[in-house]
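K.L.:
Quick one: structure below, then a few questions.
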Amino acid sequence: DTEVTQTPKHLVMGMTNKKSLKCEQHMGHRAMYWYKQKAKKPPELMFVYSYEKLSINESVPSRFSPECPNSSLLNLHLHALQPEDSALYLCASSQDNRLAGGRETQYFGPGTRLLVL
Amino acid sequence: ILNVEQSPQSLHVQEGDSTNFTCSFPSSNFYALHWYRWETAKSPEALFVMTLNGDEKKKGRISATLNTKEGYSYLYIKGSQPEDSATYLCALHSGTYKYIFGTGTRLKVLA
Numbered sequence: 815d816t817e818v819t820q821t822p823k824h825l826v827m828g829m830t831n832k833k834s835l836k837c838e839q840h841m842g843h844r845a846m847y848w849y850k851q852k853a854k855k856p857p858e859l860m861f862v863y864s865y866e867k868l869s870i871n872e873s874v875p876s877r878f879s880p881e882c883p884n885s886s887l888l889n890l891h892l893h894a895l896q897p898e899d900s901a902l903y904l905c906a907s908s909q910d911n912r913l914a915g916g917r918e919t920q921y922f923g924p925g926t927r928l929l930v931l
Numbered sequence: 036i037l038n039v040e041q042s043p044q045s046l047h048v049q050e051g052d053s054t055n056f057t058c059s060f061p062s063s064n065f066y067a068l069h070w071y072r073w074e075t076a077k078s079p080e081a082l083f084v085m086t087l088n089g090d091e092k093k094k095g096r097i098s099a100t101l102n103t104k105e106g107y108s109y110l111y112i113k114g115s116q117p118e119d120s121a122t123y124l125c126a127l128h129s130g131t132y133k134y135i136f137g138t139g140t141r142l143k144v145l146a
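Heads up: the protein sequence lines correspond to chains R and V, in order.
Heads up: the first sequence at position 20 corresponds to 834 in the working numbering, and the numbers run straight through without jumps.
Heads up: the second sequence at position 108 corresponds to 143 in the working numbering, and the numbers run straight through without jumps.
Next up, the structure:
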């Protein structure tokens, strides 16, 4: 099973709402990633978890709160978002083998398309 | 700030044509170069991971080359088919967990 699943596929929320995006993989991968992609722009790294610990936070505003409850699950909690946060949010996972020297393949989910009104 | 550039941004070719596109990256901080194929409404799918200067990889009708000294990689598609229509993304692996993506080349193969 080389699938990364993301729910929901689409989400519309108001600026005062609280919502969560979910990501799941069952490949035994120990690194999990959140990316944000705006239209016609490249995916931008937001957060990386390694062995369920936050390893990278790319200066993301605190209205985005990641959580990795176990090695298969990754959540992104959203609160008080702005319209400019509307984007496609992609989750990815990889084995997390430090010896691989960059050769590790990332496996991506199909993304959650978020619209903030 | 490291920048990864892809060209062209979009491309229309006829079925049966061969085509190629470019990924340019800074040659410092190089760990690996990844190519992905991304069909609309699906997940990006890994095509190749390239690490050594002069690397050539092939998967069916798709192949890629790597030049780390001058900072570019080419992706070639031979005999394009409509099912090859997708966005082709490259990503520079520049450090632990650090992947920097290009904006992609959107390929449309016309039947």
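All C-beta atoms in this analysis are idealised placements derived from N, C-alpha and C, irrespective of residue type, glycine included.
Since the model is a prediction, treat every value here as computed from it, not as a measurement.
In the DSSP output, which residue or residues are listed as bridge partners for residue 130 of chain V?
P.N.:
Beta-bridge pairing links residue 130 of chain V to V:133.
K.L.:
Going by C-alpha distance, which of R:930, R:902 and R:929 is nearest residue 75 of chain V?
P.N.:
Nearest of R:930, R:902 and R:929 to residue 75 of chain V, Cα basis: R:902.
K.L.:
Output yes or no for whether 8 Å exceeds the beta carbon distance between residue 892 of chain R and residue 834 of chain R.
P.N.:
Yes, the Cβ-Cβ distance between residue 892 of chain R and residue 834 of chain R is below 8 Å.
K.L.:
Check whether the Cβ atoms of residue 819 of chain R and residue 81 of chain V sit closer than 8 Å, and answer yes or no.
P.N.:
Cβ distance not < 8 Å, so residue 819 of chain R and residue 81 of chain V don't count as in contact.
K.L.:
Near residue 39 of chain V, what residues of its chain come up, given a Cβ to Cβ distance below 8 Å and the 5 sequence neighbours on each side ignored?
P.N.:
Hits under 8 Å: 58, 59, 60, 125, 126, 127, 135, 136 and 137.
K.L.:
At a Cβ cut of 7 Å, what residues of the segment 839-861 of chain R count as close to chain V, listed as they run along the chain?
P.N.:
Residues passing the 7 Å Cβ filter: 845, 854, 855, 856, 857 and 859.
K.L.:
Please report the distance separating the alpha-carbon of residue 116 of chain V from that of residue 109 of chain V.
P.N.:
Rounded to the nearest angstrom, the two C-alpha atoms are 19 Å apart.
K.L.:
In chain order, which beta strand (DSSP E) runs of at least 3 residues are fully inside the segment 851-907 of chain R?
P.N.:
Fully enclosed beta strand (DSSP E) runs of 3 or longer: 858-864, 867-871, 878-884 and 887-893.
K.L.:
To be precise: take each residue of the segment 896-925 of chain R, compare its Cβ to all Cβ atoms of chain V, and keep it if any distance is under 9 Å. Which residues remain?
P.N.:
Flagged, chain order: 904, 906, 908, 910, 912, 914, 915, 916, 917, 918, 919, 920, 921, 922, 923, 924 and 925.
K.L.:
With residue 880 of chain R and residue 848 of chain R assumed to form a contact (beta carbons below 8 Å), what rounded beta-carbon distance in angstroms separates them?
P.N.:
Contact holds; Cβ gap of about 6 Å.
K.L.:
Return no unless some Cβ of chain V is closer than 8 Å to the Cβ of residue 886 of chain R.
P.N.:
So, not an interface residue.
K.L.:
Tell me the DSSP bridge mates of residue 12 of chain V?
P.N.:
Summary: the structure shown does not reach residue 12 of chain V, with chain V confined to residues 36 through 146, and so no result is reported for it.
K.L.:
So which residues on chain V does residue 818 of chain R lean against when the C-beta distance must stay under 8 Å?
P.N.:
Those are 78, listed as they occur along chain V.
K.L.:
Using a Cβ-Cβ distance cut-off of 8 Å, determine whether residue 869 of chain R contacts chain V.
P.N.:
Interface residue, yes.
K.L.:
The beta strand (DSSP E) that contains residue 91 of chain V, what's its start and end?
P.N.:
Here the beta strand (DSSP E) through residue 91 of chain V covers 91-94.
K.L.:
Any idea what DSSP makes of residue 80 of chain V, helix, strand or coil?
P.N.:
Here residue 80 of chain V sits in strand by DSSP.
K.L.:
Among the candidates V:85, V:89, V:78 and V:143, whose CA atom is the shortest distance from the CA of residue 817 of chain R?
P.N.:
Answer by Cα proximity: V:78.
K.L.:
So if DSSP puts residue 71 of chain V in a beta bridge, which residue, or which two residues, is it bridged to?
P.N.:
Beta-bridge pairing links residue 71 of chain V to V:81 and V:124.
K.L.:
Residue 197 of chain V bridges to which residues according to DSSP?
P.N.:
The requested residue 197 of chain V does not occur in the structure, where chain V is confined to residues 36 to 146.
K.L.:
Quick one: is residue 123 of chain V near chain R, going by C-beta distance under 8 Å?
P.N.:
It does not; no Cβ of chain R falls within 8 Å.
K.L.:
Spell out the partners DSSP gives residue 846 of chain R in its beta bridges.
P.N.:
R:863 and R:907.
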